[in-house]
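Number 342 in numbering that gives the first Met the number 0 belongs to position 343 of the sequence shown; there are no gaps in the numbering. Note that the Cβ used here is the ideal one computed from N, Cα and C, for glycine as well. Remarks on the structure that follows.
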Amino acid sequence: MPTDPEVPHSAHSACTAASVITLPSLPARASQQHQQLWSDMLVHAKTIRDLKSRWNALAMISRLPDEVLASAFLELNLFFRNDQLQWRSIDRYRWITVCQVCSHWRTVALNTPRLWSDITVTRSLNWMREMLARSHKAPLRVRIALTSLVDGMGEPARLVLRELGRMEDLVIGVSADALEILHALDAPAPLLRSLNIEGVRQRTSRQPGGERQIPPPQVLARPTTAQLEQLDLLHCKFPWNLPVPFTSLTHLKVVGTGADRPSIAHVIMTLASFKLLEFLDLEGMLPTLPEDAVALPKPPIIVTFSRLKRLRFVGETMNCANLLNRLFLPSSASIILECTSKRGVAELAACLRARTPAMDQPRMLMLEEDFSGSTFYVRASPRDGPVRAGDPSSLVVTFKHSPDGPAPSSLSRHAIPFCLHLALENVDCVCTAGLVPPSFDEEQTKEWAALFIRMCNLTELSLSGLATYRLPDALVAKRWDGVEGLCLPTLRCVTVEDVTFGLPETFKQGLPGQFTKQLVHTLDERAREAPRLECLRIKRSKYIDLPDVRMLEKVVGKVEWDGIVDAEPDREEYEYDLNYY
């Protein structure tokens, strides 16, 4: 409760304690005197509440201009908003309690239609009517989550969807038992700018093949949806075979179930109508090529996206390449591909070089293997510096195990051949993480050697985690192509991160660690065939101190160490045996 600045703090505390009103419970069999006293207490309680409301109205905070106060309420409303679909929206309307501090605040809130136009549908039919009434004619932002039409959500959802003509943003999630609610979308929606439909699977078991799929919503075929800018369909069909009226679309995301895939001709014809498209995300619905296809068909039509900022495809490598081969992207576009097979890696690399100018001469290459997620990441960029998904002019290709096929021994057998088909001559920096190329696998070692040989201008190598323990072998690795020399002759700078240089015993004794000795030995051996490294950077590593740094300074130009030492590891942390690597 706001306080009057002229009232002393002690006096205010006493007043606050005395103003708390607690009414006793009326017994079930109350006497006449108890009932009379109860009625009198209710009257006095109402009087005190009115006096407190008038008291709060005199506080300075309530003297803000109505416009400023309404803006504060809107910001509070946004604080409790969640852009994700909430299946249990318990706290969505908690902001209303603040608007009830005093009658003036409540009046301002009731006179702000935008405050009530952000609706998350609940089971209270009366509350939904009240929200619609208070919003007047303001454009609506609606969130609906339905698992069944018989759990009390059906009628409130239908009531709100009758106002489809006022909606500018609609997110609706439905299960197979509530698909009938989508019939309410067959109505004009002239203000609709963003539509998100998400299909969820029911937890209860169903017969095989008995799961119902969400058909394309009828509202997409109406000419009144010409203002639609963002469309997300998750496990909901998109009408690829029909002309669509919303040519002003800027964001399109379609996640299919893998069944009933559209033809490549229909997809290209539809995408060609989206001249303003900036974000394209397709998963589980890419048109498929025959299993025996060994080459990509020549594209009759190439769609040019001049404004595209981000593209994401998820599917088999060959299918990703087939669709990408029919698109031409601006050099600033960010490309994210998640591929699930080795078939088509050469075709995919060729498409990237032909359709994306930025990938013709990348300078930065990042390789990372996530053993827990069984994924291999390849990131490339024409600029120096780390590569993150979504960065302009960046490429992120993820190779995953196909759920329908046998898992290979290592996903690097997908990733390395893909990298070998890129233009690597201008790559001057490579970052690796999580990679442990097995020295006992001669074929895989040859692949890595071939990759390093292709990067003839590589000057900087950064390794993190497990990949760091292969650095000594990489520094002195020989070429496998019949030419004498090292695989990395132009290397000038090396960065190691998250590596354990020794054991706790040697660290406490002030002795150099085992990994330090291995580096010194290989760097000394490398110096016989190549120039000395100019710089060795050490970041966030363990069991390293000045003895290690001084020993390394004898074989490199300079050592840049962040000074982090970790003499006391966590008890639950596993201590790696460096001899294993």
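- Membership of F398 in the beta strand (DSSP E) is indicated by the continuous run 394-399.
- In the pairwise beta carbon analysis, the segment 237-248 is classified as touching the segment 264-279: at least three pairs are separated by under 8 Å.
- According to the DSSP assignment, C98 belongs to the alpha helix (DSSP H) that extends over 95-98.
- When only Cα atoms are considered, L75 and W94 end up about 6 Å apart.
- Taking C-alpha positions only, F417 is separated from A345 by approximately 6 Å.
- With a contact defined as Cβ atoms closer than 8 Å, V141 and L169 qualify at about 5 Å.
- Taking every protein chain shown into account, the CB of H135 has fewer than 16 other CB atoms within 10 angstroms, so this residue is exposed.
- Pairing L323 with V395, the inter-Cα distance amounts to about 14 Å.
- Annotated three-state conformation of N318 is helix, per DSSP.
- From the listed residues T106, T303, N318, the smallest Cα separation to R260 is found for N318.
- A distance of 9 Å or more separates the beta carbons of E167 and L145.
- Secondary structure at S411: helix, using DSSP grouped into helix, strand and coil.
- With fewer than 16 other CB atoms across the displayed protein chains lying within 10 angstroms of its CB, I300 is exposed.
- Excluding five sequence positions before and after V564, the CB atoms of its chain that fall closer than 7 Å to its own CB belong to I543, D544, given in chain order.
- By the beta-carbon neighbour count (other beta carbons within 10 angstroms, threshold 16), H103 is buried.
- By the criterion of a C-beta distance shorter than 6 Å, F278 is surrounded in its chain by H250, R309, once the five residues flanking it on both sides are discounted.
- In this model, V218 and P187 are separated by some 7 Å (Cα to Cα).
- Contact annotation: A473 and C455 have beta-carbon atoms that are not nearer than 9 Å.
- The continuous stretches of alpha helix (DSSP H) do not include N195, which lies in the beta strand (DSSP E) extending over residues 193-199.
- With respect to the C-alpha of A258, the residue from P214, L227, Y468, L230 having the closest C-alpha is P214.
- Looking at the DSSP output, E367 sits in a beta bridge with Y376, A432.
- Partner residues in a beta bridge of D185, as assigned by DSSP, do not exist.
- Looking at the backbone, the Cα of G283 and that of L410 are separated by about 21 Å.
- Bounds of the alpha helix (DSSP H) holding R113 are 112-115.
- With at least 16 other beta carbons inside 10 angstroms of its own, H413 counts as buried.
- Within its own chain, the residues whose Cβ lies closer than 7 Å to the Cβ of D117, once the five positions on either side in sequence are excluded, are N76, R80, R140, listed in chain order.
- DSSP places V548 in the helix class (H, G or I) of the three-state scheme.
- If the five residues before and after G484 are omitted, its C-beta is found closer than 6 Å to the C-beta atoms of R478, all from its own chain and listed in chain order.
- The DSSP-derived three-state label of T499 is strand.
- Per DSSP, the unbroken alpha helix (DSSP H) holding W104 starts and ends at 102-109.
- For W560, the uninterrupted beta strand (DSSP E) segment begins and ends at 557-560.
- By the CB criterion at 9 Å, L248 and P216 fall outside the cutoff.
- Under the DSSP definition of a beta bridge, I118 partners with V141.
- Each of L233, R539, S262, I267 was checked against the Cα of V254, and the nearest Cα belongs to L233.
- The DSSP assignment places 503-507, 513-525 as complete runs of the alpha helix (DSSP H) inside the segment 501-538, in order along the chain (cut-off: 4 residues).
- In the three-state reduction of the DSSP assignment, F327 falls in the strand class.
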